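Student: Residue numbers (full-length UniProt numbering): 1 to 279.
The structure follows.
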């Protein structure tokens, strides 16, 4: 069972306390996580419920445990940048994603090949020496741009700039013919939507500043939503011939989830940790 209704932490605790279900509970961050777990096989088939945000996940579990409602309640949250920002989460009942978020795990999976074959153009996709789609080249290109956005996200949080990255329209500063990032247009986008302004000097500082060692891996600094957004733009002209609706981020993320098998999920560290808690 999956509950994807928008509920407060208190409402979720009440739902768990009033339930007659004997199955454990899995509390997740967002609706897409709820959809993901509704199709995956886990030990004891937990009831999945959406808490809308990692803070709510932590809050629900803490309250349920403290009030002795049940010990069979567990959380699943994105890794994000909490460790690097010094935010400590008790992981006794919580599992974090292997990379920055769940979408990065999907991008790193065999789902990428299926999606590229489905939406890409054989006349535009990069090929390797065996005339097969060069997934490594695709990943390198996407990650090279997404890493810049990841840096912006990280330092925005670290320094308190609070830039509204989620509100940015990538098509306004990503060249859809080359997939290159136009820094001046990015600055204009941020300044049009943020009370805290940014200039070229600050952006250059952010893009060149030293990162914590853990964030030097693109899979940890990049946001999965940014990665899929960029992939969608690339599949319009660079690697495909699709219109915006056909390769919208939400649609591609759905395709990634559909193509991600139980078998592949079962090989991940996050799956093994989660199943160990559920056992």
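Every residue gets a Cβ at the ideal spot worked out from N, C-alpha and C, and that includes glycine.
Please read these numbers as outputs of a predicted model, since none were measured by experiment.
Is residue 213 buried or exposed, if buried means 16 or more other CB atoms sit within 10 Å of its CB?
Tutor: exposed
Student: Answer with buried or exposed for residue 267, where buried requires no fewer than 16 other C-beta atoms within 10 angstroms of its C-beta.
Tutor: exposed
Student: Go ahead and label residue 117 buried or exposed: buried means 16 or more other beta carbons lie within 10 angstroms of its beta carbon, across all protein chains shown.
Tutor: Exposed: under 16 other Cβ atoms inside 10 Å.
Student: Please classify residue 123 as buried or exposed, where buried requires at least 16 neighbouring CB atoms within 10 angstroms.
Tutor: exposed
Student: Is residue 275 helix, strand or coil when you go by DSSP?
Tutor: helix
Student: On the three-state DSSP scale, how would you describe residue 238?
Tutor: Coil at residue 238, not helix or strand.
Student: Check whether the region 43-52 touches the region 15-31, taking contact to mean three or more Cβ pairs, one atom from each stretch, closer than 8 Å.
Tutor: yes
Student: Please list the terminal residues of the continuous beta strand (DSSP E) segment that includes residue 50.
Tutor: For residue 50, the enclosing beta strand (DSSP E) begins and ends at 47-50.
Student: Please confirm whether residue 73 and residue 64 have their CB atoms less than 9 Å apart.
Tutor: yes
Student: Suppose you measure from the CA of residue 273 to the CA of residue 185; what does that come to, to the nearest Å?
Tutor: 43 Å
Student: Nearest-angstrom Cα distance between residue 189 and residue 169?
Tutor: Linking residue 189 to residue 169 through their CA atoms gives a straight-line distance of about 8 Å.
Student: Taking three-plus beta-carbon pairs below 8 Å as touching, is the region 232-250 in contact with the region 174-185?
Tutor: yes
Student: Using a threshold of 9 Å, state whether the C-beta atoms of residue 145 and residue 230 are closer than that.
Tutor: yes
Student: Hey, could you find the ends of the alpha helix (DSSP H) residue 77 is sitting in?
Tutor: Looking at the DSSP string, residue 77 is not in any alpha helix (DSSP H); the run it does join, the beta strand (DSSP E), is 73-77.
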